[in-house]
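Chemist: One structure is given below, represented as structure tokens, and several questions about it will come after.
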Amino acid sequence: MNTAGQLAEQMAVAHLKKHGLQVATTNYRCRRGEIDIIAEDGRTLVFVEVRQRKNLVAAAESIDYHKQRRLTAAATHYLAANGEPPCRFDAVLVDVDGNVRWLRNAFDATN
């Protein structure tokens, strides 16, 4: 991961912690994919994709159907080994100016 990507993930972790989430792990990898951040929001397990682009709209649009499927597959792998609490998929978007936007329930894994 490049320096800008690492900085975006650090900003995302700080933002989530500031809003009360407990970060369980970062950069979870398996053969099915990778999850940038796994956190707990109360009893809910949150799988977070971090995206940095020139603007927040471009960052959001970059989480396409194929990326969602890879995230879902990696989350399924994680849940198989760690139980199945309620969970959701969020996104933290960071633009080049350092603006951060947190999208709760960014996509539904059942589609």
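Residue numbers for the sequence shown follow this note's numbering, beginning at 134 and rising by one.
Yeah, the Cβ is synthetic: ideal placement off N, Cα and C, and Gly gets one too.
None of these values were measured; they are calculated from a predicted model.
Exposed or buried, Q139, counting other C-beta atoms within 10 Å across all chains shown (16 or more means buried)?
Modeler: Residue mapping note: residue 139 aligns to position 6 of the sequence shown, counting from 1. Q139 is exposed by the Cβ-count criterion.
Chemist: For V229, report the span of its beta strand (DSSP E) as first-last.
Modeler: To locate residue 229, count along the sequence shown from 1; it is residue 96. Element bounds for V229: n/a, residue is neither H nor E.
Chemist: Is G166 helix, strand or coil when you go by DSSP?
Modeler: Working through the sequence shown from its first residue, we reach residue 166 at position 33. Correct three-state label for G166: strand.
Chemist: Can the beta-carbon of Q155 be found closer than 8 Å to that of E173?
Modeler: For this step, residue 155 is matched to residue 22 along the sequence shown. For this step, residue 173 is matched to residue 40 along the sequence shown. Yes, these two residues count as a Cβ contact at 8 Å.
Chemist: Got a sec? Which residues, its chain only, sit under 8 Å from I171 by beta carbon, not counting five neighbours each side?
Modeler: Locating residue 171 in the sequence shown gives position 38, where the first residue counts as 1. The answer, listed in chain order, is V156, A157, T158, T159, Y161, L178, V179, F180, V181, Y211.
Chemist: Taking 6 Å as the limit between beta carbons, can you name the residues of its chain near I168, skipping five residues before and five after?
Modeler: Translated into positions along the sequence shown, residue 168 becomes position 35. Y161, F180, A207.
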